[in-house]
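Enquirer: So in the working numbering, spot 141 of the sequence shown is number 947, and the numbers just go up one at a time.
Ideal Cβ positions, reconstructed from N, Cα and C, are used throughout, including at glycine.
Take a look at the following structure, please.
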Amino acid sequence: MPAPDDLAFDNAGRLLFSDIKAGTVSALKADGSVERIAGGMSEPEGIVLQDDGRILVAEQGRNRVIAIDPQTHAVSQWHAFANRTGRAGIDGIGPVLPSLDGSGNLLSTGGNVIVPDSPNGVVWRVTADGKTATQIASGMVRPVGAAIDKNGRIFVADEGGALWVLDPARRRFATLPTPDDVLVSRAGHIFVNTLGDNAIHELDAQGHQVSVITGIQQPQGIALDYADNLYYTEFNAGRIDRVVRTFVLDPPKVTRTTRGTFIICPAIRRAAGFNRPLGLLGGSSAKTAILQLLQPGTDSSGALEVQTPETSIGITVSDGGLLSQSQTVALSP
807 MPAPDDLAFD NAGRLLFSDI KAGTVSALKA DGSVERIAGG MSEPEGIVLQ DDGRILVAEQ
867 GRNRVIAIDP QTHAVSQWHA FANRTGRAGI DGIGPVLPSL DGSGNLLSTG GNVIVPDSPN
927 GVVWRVTADG KTATQIASGM VRPVGAAIDK NGRIFVADEG GALWVLDPAR RRFATLPTPD
987 DVLVSRAGHI FVNTLGDNAI HELDAQGHQV SVITGIQQPQ GIALDYADNL YYTEFNAGRI
1047 DRVVRTFVLD PPKVTRTTRG TFIICPAIRR AAGFNRPLGL LGGSSAKTAI LQLLQPGTDS
1107 SGALEVQTPE TSIGITVSDG GLLSQSQTVA LSP
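So this is what it looks like as structure tokens:
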């Protein structure tokens, strides 16, 4: 990978990454192969997924956000921003704002996208169609990434050395060396990748540091999967790394029985110290019957027996709450 930059997971669970030198956005598949989604972009940076699956990408070289159709991969302009500063254009984008509040009420800003306007030091809230932008914050050095927590607080990473929170007024949440992006985990912790010390800082909801990963070769992008495992780019090394914080699914073992059924043995790999009970769910359908199901233990991965004419089946492992991992399992004939 010439220069992997920002990261995001799409609605199919694939890890998308932008390459600022190649001018591309690609998908890293579960088997490690790479599929190019779109190219011809001028310094593609931040990526965010809209509810309908469209991929929004910050094109820094043209100071605009483009939209990639998830089916055709056609590229179109979503919103352009003015830049008369002579400084580099927009960097990170997102998040997409939720459609419902904590009580289940519809929010008028649902589906809007937060866009930090890096060269101009302001933050915009843009409607889902990209047509209308409303300024929601100003007075920053170079805002380059944003995230939202379950309480509606918007965090903004500012390369000027600050992590701001909009609640709704802007206030300093933490002081860090050249923040480049920010994420909020399902557990409510805040992750910030910092270029000043080549690290990723984990903060609690009050801004106290919980942990830090150091020695990274320019961590330009970060992402969390559906089980809160951390992925990050090492820009100078041209690679993407993963930290297993909870659990992941390795390739399963599949056995065809003499009865024509399939026994699937998932391979759950837990992080050290992660002992939370996990449940296994198989994708039953009109054509697929789950004959037996053995749930995972703290030191085992469970199993299921299925009868189906299909060539694959989906399985999901979750903690019954916030964390889950899904996998498509190929079934040999």
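(1) Within a Cβ cutoff of 6 Å, which residues of the same chain sit near LEU1099, ignoring the five residues on either side of it in sequence?
(2) Alpha carbon to alpha carbon, how far is PRO1072 from LEU1036? Give it in angstroms, no decimals.
(3) Can you check DSSP and say which residues form a bridge with LYS1059?
(4) When the distance is taken between beta carbons, is THR984 closer than 7 Å to GLU965?
(5) Buried or exposed: which applies to GLN856, given that a residue is buried once 16 or more other Cβ atoms fall within 10 Å of its Cβ?
(6) Would you list the one or two residues that DSSP bridges to HIS885?
(7) What does the alpha-carbon distance come out to for the pair SER1138 and GLY908?
(8) DSSP state of SER1017, grouped into three classes?
(9) Leaving out five residues before and five after VAL1060 in sequence, what residues of the same chain have Cβ atoms less than 8 Å from its Cβ?
(10) Hey, out of ASN911, MET946, GLY900 and PHE961, whose CA is closest to THR933's CA?
(11) Alpha carbon to alpha carbon, what distance is there between GLY1079 and VAL1050?
(12) At 3 residues or longer, what runs of the beta strand (DSSP E) sit wholly inside the stretch 884–939?
(13) Excluding the 5 residues flanking ARG1075 on each side, which residues of the same chain have their C-beta closer than 7 Å to its C-beta?
(14) Below 7 Å between beta carbons: does that hold for GLN1023 and ALA1005?
Expert: In brief:
(1) LEU1110
(2) 21 Å
(3) CYS1071
(4) yes
(5) buried
(6) VAL871
(7) 45 Å
(8) strand
(9) PHE1068, ILE1069, ILE1070, CYS1071, VAL1135, ALA1136, LEU1137 and SER1138
(10) GLY900
(11) 11 Å
(12) 919–923 and 928–932
(13) VAL1050, PHE1053, VAL1054 and ASP1056
(14) no
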